[in-house]
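Inspection log for the structure reproduced underneath, given as structure tokens.
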Amino acid sequence: MTFTKATIALIVSAAMFNVSATSLTPTSPMLVKIAEPAIQIEKQSVHFSQAITPNRQLVNNNDQYTNVSDEYWMEVSGKQLNQGVALHISQPEALIRLSAKQTSQQWLPDDHAIDPDDLSLTKNNTTINKAFSQKVSRAQLATANIFPNSSAVKLSKAAGTGKFNIKVTKALVPTQRYVVNVKEKGSPYQQVLATQQQSYLAGQRISFNAAVNKHNKPLIASSHQAFIKAPTGNKQAIAFENKDNHLSFELPDYLPATKPGELYELYIDSQVNDGTTVINRTGKIAFALAQPTARMSAKVTANQQQATISLEVASNGRYEVSGIVYGIDKNNEYQPIMKSASAHYLSAGEHDVALNFDPQLFKRSSLKPPYQLRGIKLTDQSRMAVLQRQSANESVAIADDKQRQGGALSLLALLGLGLIRLAKPKR
Amino acid sequence: MKKIFISMLLSFMLFSATSSANQGLAFIHGTGNQTDAYNDYWTGSFVNSVRQGLNNPSKYTVINCDFDQFMWKSQAAGCLAQQLTTFITDQNITELVLLTHSNGGNIVRWVLSNPTYDSRYPNIINKISKVIAIAPSSLGTPLADAVNQGNAFIRSLSWILGYGSDAVKQQQVSWMNYYNQNWLLGTAGRPNLPVPFKTIIGSDVESAIWDGDSYCAGYQYQVALETTQNWLDSCSDGFLNCSSQRGAGSVWFTDKQRTAGREPLSHQQSRRDCFNLDTIIKNDI
């Protein structure tokens, strides 16, 4: 799968992002024609509406994510561990986990783990006695079946913080790969990664915010390294520019394909000095990268039975349109009544598809007209891809039955693609 | 007199409605590819105690599916939908209670949140009266992230996470955030699920060697889960932070509020008949 270049902007600054939510609108006029994935796909049209619990607070288009990390990890070889590996510890009683790595090229026997009794910790070339307050063996970790081929130690209070050297005294297979994970629970130093959205179309501009904080205040002069990890495990280092504390880089031209629903991951390794203390942190943000296989065109009509949405489909597949119907409460404010969704299997071409509402839910609701449809979303169910969303500040008027009988032209509302911008709905 | 008559009539109607419903109960396991979840995941003592809460205790099913897969896959949600459909049809179930553990809650949320994905889903949803979700991994777990740090895994018995399965990838924290915001309902700011989703929260792990309670469901698991708590918040069941367990639906109770002796439920103990958990659930059905 080849992707159009998209730019990832990493912004390292004191402030967190303060960007309004964006709609998922294709930036390219070109849709793509791609084969259906080789999975079982439902072919029947299915409609479903459900009531929204009264007074439930909905946030349309919320796709934000913030990752907070108090740990770091790195990959080393058996040879390096036998020679000694430098570890920067900034938090007393940090936890160190060592996991033998199994790869497709390197088969790993069950007992291939480091015995905590074979670990030695030095600081300033002096071995620390009673360096560990807790040792967890492979057998103990394996009991929980969470960390096979792993062992862990907890630093003693007496060991303190600073630059250490950890060494395995028993001879290891020199080429065997190990993951060293340092977890500094309760540390005041936290890497914070934030993004406004996790789902993107190929070619869209992507932006992230990264900072290393101390007691929630950012430290300046952090250095960062970034790479993208595909679900296949393939990693691609990212070369980025740093200008006025803004880091930006472009996605590679090629990323290995994902299976439907699988995500890519952006990893950030950060390092910063706070006086003489060196702080390392690793964090990641998962994101979906979809191909624009279809889109909603600019016309939506709606009455109390259904909305009709025009779709332009480039790739055969199963597509769902969904939205939330709002009505007016006794305080003259809009509140959600129901969430409705309809899915259809569609071939390439132009289609007017129905998004059915449940008349019983209108009757049962205490909310009154004029009704609105908000949060319209188009997804490609066959490829598990979010393709398009109505902006959070847009809505479509739902004509009441009388208007419908009169054939009012006010049913028309234009969506998403910039042809008409609707006023913000009154709250 | 009129008020008394109306009250009696309403009580009779309520009783009639309840007694006329054909109740069914499904036990839905967590991560793992199960072929005998009755023995390997739940144990008979737990299942046979809980199902006594049904009008007819024989109307139950224990689901066996491949929940090492991503939740939407045919081997996961598709398998669950087929087994539930067969159960509903064969037993003529009109009121279905689902009891889930751990990642089983996510598979059920997939079905509830994506009714148009599969033509079998709407009928199942319309039959469900409630979901009792024990320790659901609704917001994922940092342990899944830790496991994936180096692909450092092997195939093992894997009752919690398994080896490097797709289900483990799915339960990483940032992955679950994406799925919650884009594909699943019930978390903060998102539409509610179409049926009640009541959660039971496990808040701690106790592994004192002198404490008999630490031996319920296996002492060795308690020791292991206390170790994994190092990657988690102070409120956790050894596998999941309480915040993740509370992340979707509504909290029914946190272990110590109702368990015998106010004992916490570790992630291992919350699928066993420990500290009256089975009786508490039975009485709610």
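Those sequence lines, one after another, are chains A and B. Under the numbering used here, the first residue of the first sequence is numbered -12, with each subsequent residue one higher. Under the numbering used here, the first residue of the second sequence is numbered -4, with each subsequent residue one higher. C-beta: ideal position from N, C-alpha, C; glycine also.
Residue i at chain B interface by Cβ criterion, 8 Å
i: A/ILE311; result: yes
i: A/VAL72; result: no
i: A/MET371; result: yes
i: A/GLY147; result: no
i: A/ASN168; result: yes
i: A/VAL(-1); result: Because A/VAL(-1) carries a pLDDT of 29, less than 50, the predicted location of this residue cannot be relied on, and the following value inherits that uncertainty. No, its Cβ sits nowhere closer than 8 Å to a Cβ of chain B.
i: A/LYS443; result: The structure shown does not extend to residue 443 of chain A, since chain A is modelled only from -12 through 414, so no value can be given for it.
i: A/GLU320; result: no
i: A/ILE296; result: no
i: A/PHE151; result: no
i: A/VAL160; result: no
i: A/PHE134; result: yes
Cross-strand partners of residue i (DSSP beta bridge)
i: A/ARG361; result: A/ILE311, A/SER382
i: A/GLY304; result: A/LEU333
i: A/TRP60; result: A/ASN168
i: A/LYS271; result: A/TYR254
i: A/ARG282; result: A/GLU299
i: B/HIS262; result: Its beta-bridge partners do not exist; DSSP assigns none.
i: B/LEU91; result: B/GLY19, B/ILE123
Proximity of residue i and residue j at Cβ, strictly below 8 Å
i: A/ALA275; j: B/THR111; result: no
i: A/TYR313; j: A/ARG370; result: no
i: B/ILE276; j: B/LEU91; result: no
i: B/PHE284; j: B/LEU138; result: Chain B is shown from -4 up to 280; residue 284 of chain B falls before or after that span and cannot be answered.
i: A/TYR165; j: A/VAL199; result: no
i: A/PHE119; j: A/SER143; result: yes
i: A/GLU337; j: A/GLU299; result: yes
i: B/ILE130; j: B/SER97; result: Checking the displayed sequence, the identity of residue 130 of chain B turns out to be Ala instead of Ile. The answer is yes: Cβ separation under 8 Å.
i: A/ASP256; j: A/GLN212; result: yes
i: A/SER297; j: A/MET283; result: yes
i: A/ALA273; j: B/GLN167; result: yes
i: A/TRP60; j: A/VAL155; result: no
i: A/ILE215; j: A/TYR241; result: no
i: B/PRO186; j: A/LYS326; result: yes
i: A/HIS99; j: A/ASN136; result: yes
i: A/PRO279; j: A/GLU249; result: no
i: B/LEU49; j: B/GLN78; result: no
CB contact below 8 Å: residue i versus chain A
i: B/TRP170; result: yes
i: B/ASN17; result: no
i: B/TYR36; result: no
i: B/ALA162; result: no
i: B/THR194; result: no
i: B/ASP113; result: yes
i: B/SER144; result: Correcting the residue type first, residue 144 of chain B is Gln in the shown sequence and not Ser. Closer than 8 Å to some Cβ of chain A, the Cβ of B/GLN144 qualifies, so yes.
i: B/ALA76; result: no
i: B/GLY184; result: yes
i: B/ALA21; result: no
i: B/GLN176; result: yes
For residue i, the three-state DSSP class (helix, strand or coil)
i: A/TYR251; result: strand
i: B/TYR112; result: coil
i: B/ASN118; result: helix
i: B/GLU221; result: helix
i: B/MET171; result: helix
i: B/GLY19; result: strand
i: B/ASP140; result: helix
i: B/TRP37; result: helix
i: B/ASN98; result: coil
i: B/GLN176; result: helix
i: B/MET(-4); result: Model confidence at B/MET(-4) stands at a pLDDT of 47, short of 50, so the residue's coordinates are unreliable; what they give is reported in the following sentence. Coil at B/MET(-4), not helix or strand.
i: A/PRO161; result: coil
i: A/SER32; result: coil
i: A/PRO346; result: helix
i: B/TRP247; result: strand
i: B/LEU235; result: coil
i: A/ARG376; result: strand
i: A/VAL199; result: strand
i: A/SER186; result: strand
i: B/ARG267; result: coil
i: B/ILE275; result: helix
i: A/PHE227; result: coil
i: B/ILE83; result: helix
i: A/ASN69; result: helix
Within chain C, the residues that residue i reaches when beta carbons sit closer than 7 Å
i: A/THR40; result: Included in the structure are the protein chains A and B, with no chain C among them.
Checklist entry - What are the start and end residues of each continuous alpha helix (DSSP H) run of 4 or more residues lying completely inside the segment 76 to 153 of chain A, in chain order? => result 125 to 130
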